[in-house]
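S.K.: Here you go, one structure.
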Amino acid sequence: MRLSKPLSALYSTEAPTSRVDEVGLNPKISNAFVNVASENLTEVQSKVVPEMLSTNNGVLVRAKTGTGKTYAFGLPLMNEWITDKNFERQESVHSLIINPTRDLAFQTQMALDRIWKQCGGQSKRRIDLCVGQVKYDQILRGVNGRTKSAAFVATPGRLEDMLNSKPDFRNAFKDLRHFVIDEADVLCDNDFKEALLSIVKTLKANHSDPSKLKVTMFSATMDNNTKELADRLMGPEHKYIDVTSGREVTDSVNQSLITTDGLYETFAVAMELLLEKLSERNSKVIVFMPNIKATEYFYELAREILGNKFGPRFPVLPLHGNLRQSRRNTVQTRFRNARSGVLISSNVGARGMDFPGVNCVIQLGVQLETASHTHRVGRTGRAGTTGESISILSKAEKFYAERLRKEGHVLEEIEKPQVSEAIESEIKSAGKFIRPDYNSLLSSMLGTYASVPRLDRDADPKALVLDCGRLYQAMVGGERLLQVSARDLDRFGVTKEDIDGVFQVDGVLKGNYRPRGNSYGNRNGNRSGNRNGYRNGNGSGNRNRDNDWNSGRRSDRNFGSRDNRGRNDQRRRSYDRWDKQDDHY
Numbered sequence: 001m002r003l004s005k006p007l008s009a010l011y012s013t014e015a016p017t018s019r020v021d022e023v024g025l026n027p028k029i030s031n032a033f034v035n036v037a038s039e040n041l042t043e044v045q046s047k048v049v050p051e052m053l054s055t056n057n058g059v060l061v062r063a064k065t066g067t068g069k070t071y072a073f074g075l076p077l078m079n080e081w082i083t084d085k086n087f088e089r090q091e092s093v094h095s096l097i098i099n100p101t102r103d104l105a106f107q108t109q110m111a112l113d114r115i116w117k118q119c120g121g122q123s124k125r126r127i128d129l130c131v132g133q134v135k136y137d138q139i140l141r142g143v144n145g146r147t148k149s150a151a152f153v154a155t156p157g158r159l160e161d162m163l164n165s166k167p168d169f170r171n172a173f174k175d176l177r178h179f180v181i182d183e184a185d186v187l188c189d190n191d192f193k194e195a196l197l198s199i200v201k202t203l204k205a206n207h208s209d210p211s212k213l214k215v216t217m218f219s220a221t222m223d224n225n226t227k228e229l230a231d232r233l234m235g236p237e238h239k240y241i242d243v244t245s246g247r248e249v250t251d252s253v254n255q256s257l258i259t260t261d262g263l264y265e266t267f268a269v270a271m272e273l274l275l276e277k278l279s280e281r282n283s284k285v286i287v288f289m290p291n292i293k294a295t296e297y298f299y300e301l302a303r304e305i306l307g308n309k310f311g312p313r314f315p316v317l318p319l320h321g322n323l324r325q326s327r328r329n330t331v332q333t334r335f336r337n338a339r340s341g342v343l344i345s346s347n348v349g350a351r352g353m354d355f356p357g358v359n360c361v362i363q364l365g366v367q368l369e370t371a372s373h374t375h376r377v378g379r380t381g382r383a384g385t386t387g388e389s390i391s392i393l394s395k396a397e398k399f400y401a402e403r404l405r406k407e408g409h410v411l412e413e414i415e416k417p418q419v420s421e422a423i424e425s426e427i428k429s430a431g432k433f434i435r436p437d438y439n440s441l442l443s444s445m446l447g448t449y450a451s452v453p454r455l456d457r458d459a460d461p462k463a464l465v466l467d468c469g470r471l472y473q474a475m476v477g478g479e480r481l482l483q484v485s486a487r488d489l490d491r492f493g494v495t496k497e498d499i500d501g502v503f504q505v506d507g508v509l510k511g512n513y514r515p516r517g518n519s520y521g522n523r524n525g526n527r528s529g530n531r532n533g534y535r536n537g538n539g540s541g542n543r544n545r546d547n548d549w550n551s552g553r554r555s556d557r558n559f560g561s562r563d564n565r566g567r568n569d570q571r572r573r574s575y576d577r578w579d580k581q582d583d584h585y
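Going by UniProt numbering, the first residue of the sequence shown is number 1, and it counts up by one from there.
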């Protein structure tokens with residue numbers, strides 16, 4: 001996968017505050033940075049680089065998305081490599097960088113490699129990957145070969161597995177100097193925290209002198225979990241650098257809100273809005289969907305409708321965890337290099353991914369965590385440009401807008417575009433060509449909504465579930481009803497009268513709403529283990545968490561499973577499968 005210059009998100013969103021040759025870097029490093037990026041540093045770079053060069057204590061950094069965090073930690077690391085006379089002869093890996101997703105790990109490795117290849121001279125030490133879908137033998141070459149890896153960029157699943165199962169790999173970190181935790185708020189989540197703590201414990205237990213291991217953490221959002229973990233890993237003496245001014249989204253992005261009457265209108269309005277935006281010259285748009293099934297459906301829909309209007313060569317691209325990594329790499333490269341186009345994405349494209357020239361982000365539906373909204377917005381308004389983020393919510397989802405506003409997001413309500421009869425007709429007729437699995441889509445939407453009432457007391461669970469049923473009716477037409485189990489609907493507290501004429505129910509409704517639960521069963525036996533809200537029955541049991549963390553976590557990962565016994569044991573055994581398959585978003 002090839003990165004095109006400029007690397008906008010990696011160096012140039014905030015106003016520059018220092019020249020790169022003024023912060024104490026070796027001239028080879030600063031010259032390489034000028035060639036690849038800029039003569040100037042961003043605010044986060046100008047504050048973090050000198051700190052990492054001068055202190056032995058850990059550093060916790062809070063910075064907005066797209067402000068250049070990758071080079072903020074990368075430049076000091078490479079500066080140590082190039083100034084250490086014994087660097088080429090060292091047996092130990094010098095630096096370890098951990099990302100929550102393979103996609104971000106690939107991007108980080110390539111961004112740092114561009115600098116290192118220019119300033120490293122004749123160095124044979126490389127920046128290597130330790131992620132799923134990179135073969136074990138290839139990873140081990142970096143520690144068993146004649147020349148050791150300078151650094152590894154890793155994801156938690158594969159890294160923990162390699163540390164626990166490969167002694168040669170584990171011993172290669174005995175003199176590790178730097179451990180960088182990128183997107184720390186994600187890695188501090190319960191889904192990753194256990195693995196992260198296990199990794200740190202192994203690194204310190206195997207280290208020749210743990211006091212020399214310096215931890216640095218970066219995050220766009222900051223919660224108690226992140227702060228507590230920072231204290232635990234770095235001690236109370238660590239430095240805290242905050243360059244957000246209390247705001248997690250750059251001022252260059254205008255955020256607005258469109259409210260629709262229901263989910264079907266949400267899809268229709270999104271398509272109308274997409275056509276409007278793409279009619280402008282050099283328009284690049286990312287559409288974020290609430291889960292993987294919705295992503296797949298809307299991609300097929302957009303490809304059919306936009307292909308008819310703009311031609312088959314117009315880039316309409318999908319990005320989600322069900323795609324193989326090679327396919328995702330191809331999609332990212334093509335969209336990154338395109339002047340115009342649309343990317344239909346799940347949360348896999350939300351954090352840290354740099355796509356230059358994106359002038360609009362469209363978000364459909366709710367997310368369980370507002371941090372996801374922040375990172376989605378951060379895909380536009382980069383490199384000092386302006387951007388636009390439009391959230392489209394149904395009336396039943398309107399509570400989410402208030403939740404965002406309480407956390408500081410300024411959402412301007414705008415009038416929804418009038419959906420043309422042509423678009424209405426094309427959406428309905430497109431189903432004949434794309435043959436979507438509406439049952440899977442709606443089961444996934446129900447799964448996404450499953451934990452919402454438990455997490456947000458302003459949500460109306462009945463309104464959410466009825467919206468799903470009406471979406472199904474609008475899509476399939478006629479009198480067909482979505483078939484669901486009574487056990488599923490009982491979690492939303494609906495009665496027979498509530499859903500009469502909307503769902504076909506298997507079993508007897510109790511009408512009891514129990515917000516404590518988050519295991520939403522489905523008697524259909526579809527139990528593949530995919531964490532995208534719909535168990536599509538392939539029996540694979542994969543429980544991947546390397547990407548798309550939000551749509552497949554507490555919201556819908558248990559929807560459709562009657563028996564969750566042993567889930568915790570399975571989770572502990574499954575890091576490698578999560579890291580390899582990426583199938584839960």
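We put the CB at the ideal spot given by N, CA and C, even for glycine.
1) For Lys-227, which residues from the same chain have a beta carbon less than 8 Å from its beta carbon, with the 5 sequence-adjacent residues on both sides left out?
2) By DSSP, does Ser-528 sit in helix, in strand, or in coil?
3) According to the neighbour-count rule (16 or more other Cβ atoms, all chains shown, within 10 Å of its Cβ), is Asp-209 buried or exposed?
4) Counting Cβ pairs closer than 8 Å, one from the stretch 68 to 83 and one from the stretch 132 to 141, do we hit at least three?
5) From Leu-306 to Arg-281, what does the alpha carbon distance come to, in whole angstroms?
6) DSSP beta-bridge partners for Lys-214?
7) Could you give the first and the last residue of the continuous beta strand (DSSP E) run that contains Asp-128?
8) Report the partner residues of Lys-239 according to the DSSP bridge assignment.
9) Classify Leu-482 as helix, strand or coil using the three-state DSSP reduction.
10) Since Glu-413 sits in a beta bridge, which residues does DSSP pair it with?
11) State the DSSP-derived secondary structure class of Ser-219, mapped to helix, strand or coil.
12) Which full runs of the alpha helix (DSSP H) of 4+ residues lie inside the stretch 99 to 157, going along the chain?
13) Go through the stretch 292 to 349 residue by residue and report every complete run of the beta strand (DSSP E) that reaches 3 residues or more, in order.
14) Please confirm whether Arg-486 and Asp-506 have their CB atoms less than 8 Å apart.
15) Start and end of the beta strand (DSSP E) containing Asp-506?
16) Tell me which same chain residues have a C-beta within less than 8 Å of the C-beta of Leu-176, skipping the five on either side of it?
17) Would you say the beta carbon of Leu-196 is closer than 7 Å to some non-hydrogen atom of the ligand ATP?
18) Taking the continuous alpha helix (DSSP H) assigned at Phe-169, which residues delimit it?
19) Going by beta carbon distance, what residues of the same chain come within less than 6 Å of Leu-229, once the five residues before and after it are set aside?
20) Which first and last residues belong to the alpha helix (DSSP H) in which Val-269 is found?
21) Please classify Ser-211 as buried or exposed, where buried requires at least 16 other C-beta atoms within 10 Å of its C-beta.
22) Could you spell out the range, first to last residue, of the alpha helix (DSSP H) harbouring Ser-443?
23) Which residues mark the beginning and the end of the alpha helix (DSSP H) in which Gly-408 is found?
24) If we count the other Cβ atoms within 10 Å of its Cβ and call it buried at 16 or more, is Leu-414 buried or exposed?
25) Which class does Leu-53 belong to by DSSP, given the choice of helix, strand or coil?
26) Check whether chain B comes within 8 Å of Glu-228, counting only Cβ atoms and requiring the distance to be less than that.
27) Helix, strand or coil, according to DSSP, for Arg-19 in the structure here?
M.R.: Taking the geometry as given:
1) In the sequence shown, the residue the question calls residue 227 occupies position 227. So the list reads Leu-60, once near-sequence residues are dropped.
2) Mapped onto the sequence shown, residue 528 falls at position 528. The predicted model places Ser-528 with a pLDDT of 34, which falls under 50 and marks its position as unreliable; any figure quoted below should be read in that light. It is coil, neither helix nor strand.
3) In the sequence shown, the residue the question calls residue 209 occupies position 209. When all chains shown are included, Asp-209 counts as exposed.
4) no
5) Working through the sequence shown from its first residue, we reach residue 306 at position 306. Working through the sequence shown from its first residue, we reach residue 281 at position 281. Straight through space, the alpha carbons of Arg-281 and Leu-306 are spaced by roughly 15 Å.
6) Within the sequence shown, numbered from 1, the residue matching residue 214 stands at position 214. In the DSSP output, where bridge partners are listed per residue, Lys-214 has His-178.
7) Looking up residue 128 in the sequence shown gives position 128. Asp-128 -> beta strand (DSSP E) spans 127 to 130.
8) The residue given as residue 239 occupies position 239 in the sequence shown. Looking at the DSSP output, Lys-239 sits in a beta bridge with Val-59.
9) Along the sequence shown, read from residue 1 onward, the residue named residue 482 stands at position 482. DSSP places Leu-482 in strand when its eight states are reduced to three.
10) Here residue 413 corresponds to residue number 413 of the sequence shown, with the count starting at 1. Note: Glu-413 sits in a beta bridge opposite Leu-257.
11) As a working note, residue 219 is residue 219 in the sequence shown. Strand, per DSSP.
12) 102 to 119 and 136 to 144
13) 316 to 319 and 341 to 345
14) Here residue 486 refers to the residue found at position 486 of the sequence shown. Here residue 506 refers to the residue found at position 506 of the sequence shown. The displayed chain sequence assigns Ala, not Arg, to residue 486. Yes, these two residues count as a Cβ contact at 8 Å.
15) In the sequence shown, counting from the first residue as 1, residue 506 sits at position 506. Residues 503 to 506.
16) Taking the first residue of the sequence shown as position 1, residue 176 is located at position 176. Sequence-distant partners of Leu-176 (beyond 5 residues in either direction) whose C-beta falls short of 8 Å from its own C-beta, in its chain, are Ser-92, Val-93, His-94, Ser-95, Leu-96, Leu-203, His-207 and Leu-213.
17) In terms of ligand content, the structure shown is empty, and the ligand ATP therefore cannot be addressed.
18) Counted from its first residue, the sequence shown places residue 169 at position 169. Bounds of the alpha helix (DSSP H) holding Phe-169 are 167 to 171.
19) Numbered from 1 along the sequence shown, position 229 holds the residue referred to as residue 229. Hits under 6 Å: Cys-188.
20) Locating residue 269 in the sequence shown gives position 269, where the first residue counts as 1. From DSSP, the alpha helix (DSSP H) with Val-269 extends over 263 to 278.
21) Counting from one through the sequence shown, the residue named residue 211 turns up at place 211. Its Cβ having fewer than 16 others within 10 Å, Ser-211 is exposed.
22) Along the sequence shown, one-based indexing puts residue 443 at 443. In the DSSP annotation of this structure, the continuous segment of the alpha helix (DSSP H) that includes Ser-443 starts and ends at 438 to 449.
23) In the sequence shown, counting from the first residue as 1, residue 408 sits at position 408. Taken as a continuous stretch (DSSP letters only), Gly-408 belongs to no alpha helix (DSSP H), as it is neither H nor E.
24) The sequence position of residue 414 within the sequence shown is 414, counting from 1. Here the sequence assigns Ile to residue 414, which means Leu is not the residue at that position. Ile-414 counts as exposed, since fewer than 16 other beta carbons sit within 10 angstroms of its beta carbon.
25) By one-based count along the sequence shown, residue 53 stands at place 53. Helix.
26) Any reference to chain B falls outside this structure, which holds one protein chain only.
27) Residue mapping note: residue 19 aligns to position 19 of the sequence shown, counting from 1. DSSP places Arg-19 in strand when its eight states are reduced to three.
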